[in-house]
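Asker: Can you read through this structure? Questions will come right after.
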Amino acid sequence: MNQRALSAHHLGYAQADKRLHILQLVGLHGSISQAARAAGISYKAAWQAIHTLTNLAGTPLVDSAVGGSGGGGARLTSAGERLLDAAHQMDAARRDVLDRFNEPSSTALAGPRTSMRNLLPCRVARLESDGARDPMVRAVLALANGSQLVSMITRESAELLGLAPDLPVLALCKATAVRVSAPAADGGRRRKEGAEVVNQLPGKIERLSRGVQRDEAVVTLGSGLQLTGFAARPHRLRTGSRVVATLEESAVVIALAS
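Just so you know, the numbering used here puts 147 at position 147 of the sequence shown, and the rest follows in order with no gaps.
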């Protein structure tokens with residue numbers, strides 16, 4: 001059977017996360033605003049990318065100047081230059097690894113390492129917000145089984161990920177964020193404080209591991225998709241029981257797929 005070749009995205013290449021690319025553009029243009037325009041994102045999103053990299057590095061990566069005859073500018077610090085140099089070397093090493101992994105005889109797979117138990121492949125169906133000034137975006141994601149998930153993220157995060165309709169992504173969430181319960185008695189969607197609750201996925205229990213205050217449940221959603229969550233005790237759920245898996249919009253994390 002033919003294997004799908006691994007791409008740079010599988011190993012977290014910079015194109016899957018624009019932050020390093022933005023830092024490179026700052027060094028190239030000497031301006032955060034020009035770097036933002038070149039990357040096709042907002043000035044605020046560019047600053048967020050730089051702040052995130054700075055926090056990870058633990059040292060300033062950009063020196064910025066405000067005002068002046070030149071209208072202000074920015075330059076990379078020595079730490080910023082070293083980070084980009086390391087990124088370029090890692091890129092070369094990464095491509096060498098990909099070349100070897102994509103040999104026909106190789107069966108190795110690469111994927112994200114994370115504490116999150118649930119990784120669901122899906123596509124962006126649409127993006128919703130209350131206007132251009134709304135700092136939050138609701139990303140509606142379509143799963144292979146026809147269900148939909150909604151993730152509430154910041155507008156800057158949506159820009160940095162380059163979210164757009166039909167883009168393949170991964171929806172991630174912790175098992176502890178998934179509440180498993182019996183369907184509502186009337187067969188309708190459960191409601192919270194008078195408002196409809198989204199992210200209610202129907203399925204049936206594949207495995208149930210007993211606990212003290214809650215039981216761990218592996219729920220089959222359909223099309224081979226499975227979701228792990230917890231059912232609060234007491235309950236009458238058993239293996240094969242029809243259930244609803246519920247999670248908050250803010251609990252769904254989006255990662256780029258290959």
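Built from N, CA and C at the ideal position, the CB exists for glycine as well.
Short of 6 Å in beta carbon distance, which residues of its chain neighbour Ile41, apart from the five on each side in sequence? Order them along the chain.
Answerer: So the qualifying residues of the chain are Glu159.
Asker: Gln213: buried (16+ other C-beta within 10 angstroms of its C-beta) or exposed?
Answerer: Answer is exposed; the Cβ neighbour count stays below 16.
Asker: Would you check if the distance between the CB atom of Ala262 and the CB atom of Val180 is smaller than 8 Å?
Answerer: Outside the shown range of the chain, which is 1 to 258, sits residue 262, and nothing can be said about it.
Asker: Check whether the segment 227–242 touches the segment 149–156, taking contact to mean three or more Cβ pairs, one atom from each stretch, closer than 8 Å.
Answerer: Counting Cβ pairs under 8 Å, fewer than three are found: no touch.
Asker: State the CB to CB distance for the pair Val219 and Lys204, rounded to an integer number of angstroms; the pair is presumed to be in contact (CB under 8 Å).
Answerer: Going by Cβ atoms, the distance from Val219 to Lys204 rounds to 7 Å, so yes, they are a contact pair.
Asker: Tell me whether the beta-carbon of Glu128 lies closer than 8 Å to the beta-carbon of Val140.
Answerer: Closer than 8 Å, so yes.
Asker: If we require 4 or more residues per run, which alpha helix (DSSP H) segments fall completely within the segment 35–66?
Answerer: List check, alpha helix (DSSP H) in window: 43–57.
Asker: Note the first and the last residue of the continuous beta strand (DSSP E) segment covering Glu346.
Answerer: Lying outside 1 to 258, the shown extent of the chain, residue 346 is not represented and no answer is given.
Asker: Between the Cα of Leu161 and the Cα atoms of Ala125, Ile254 and Arg126, which residue gives the shortest distance?
Answerer: Selected option, being the one with the closest Cα: Ile254.
Asker: For Ala184, which of Ala39, His29, Ala245 and Ala49 has the nearest alpha-carbon?
Answerer: Considering only alpha carbons, the answer is Ala245.
Asker: Let me know the secondary structure DSSP gives Leu297 once reduced to three states.
Answerer: Nothing about residue 297 can be reported from this structure: the residues present for the chain run from 1 to 258 only.
Asker: Using the three-state DSSP reduction, which class does Val26 fall into: helix, strand or coil?
Answerer: Note: Val26 maps to helix in three-state DSSP.
Asker: Could you check how far apart the C-beta atoms of Leu163 and Asn199 are, in whole angstroms? I think they sit under 8 Å.
Answerer: So it is not a contact: roughly 18 Å between Cβ atoms.
Asker: Around the C-beta of Asn55, are 16 or more other C-beta atoms found within 10 angstroms, so that it is buried, or is it exposed?
Answerer: So Asn55 counts as exposed.
Asker: Just the Cα atoms here: how many angstroms apart are Ala86 and Pro234?
Answerer: The alpha-carbon atoms of Ala86 and Pro234 are separated by roughly 53 Å.
Asker: In the DSSP assignment, what are the bridge partners of Ile254?
Answerer: In the DSSP output, where bridge partners are listed per residue, Ile254 has Ala171.
Asker: By alpha-carbon positions, which one of Ala177, Gln34, Leu167 and Leu61 ends up nearest to Ser78?
Answerer: When only C-alpha atoms are compared, the closest one is Leu61.
Asker: Along the beta strand (DSSP E) that carries Leu160, what are the first and last residues, could you check?
Answerer: Taken as a continuous stretch (DSSP letters only), Leu160 belongs to no beta strand (DSSP E), being part of the alpha helix (DSSP H) at Arg155 to Leu161.
Asker: Ile22 and Ala46 - do their beta-carbons sit closer together than 8 Å?
Answerer: Their beta carbons are under 8 Å apart, which means Ala46 touches Ile22 by this criterion.
Asker: At the level of alpha carbons, what is the spacing between Gly211 and Leu167?
Answerer: Near 39 Å, if we compare the C-alpha coordinates of Leu167 and Gly211.
Asker: Identify whether Asp166 lies in helix, strand or coil by the three-state DSSP scheme.
Answerer: If DSSP states are grouped into helix, strand and coil, Asp166 belongs with coil.
Asker: In the DSSP assignment, the beta strand (DSSP E) including Gln226 goes from what residue to what residue?
Answerer: Segment Leu225 to Ala232, the beta strand (DSSP E) holding Gln226.
Asker: Could you give the distance in angstroms between the alpha-carbon of Met1 and the alpha-carbon of Leu256?
Answerer: The pLDDT assigned to Met1 is 36, lower than 50, so where the model puts this residue is not dependable; a value taken from the coordinates is nonetheless given after this. For Met1 and Leu256, the distance between alpha carbons rounds to 26 Å.
Asker: Output the distance between the C-alpha atoms of His29 and Ala35, rounded to the nearest integer angstrom.
Answerer: Distance between the alpha carbons of His29 and Ala35 is about 6 Å.
Asker: So, for Val243: in the same chain, excluding its five sequence neighbours on each side, which residues have a beta-carbon less than 8 Å away from its beta-carbon?
Answerer: So the list reads Val180, Ser181, Ala182, Pro183, Pro202, Gly203, Lys204, Ile205, Ala217, Val219, Ala231 and Leu237, once near-sequence residues are dropped.
Asker: From the DSSP output, which residues share a beta bridge with Arg179?
Answerer: Phe230 and Thr246.
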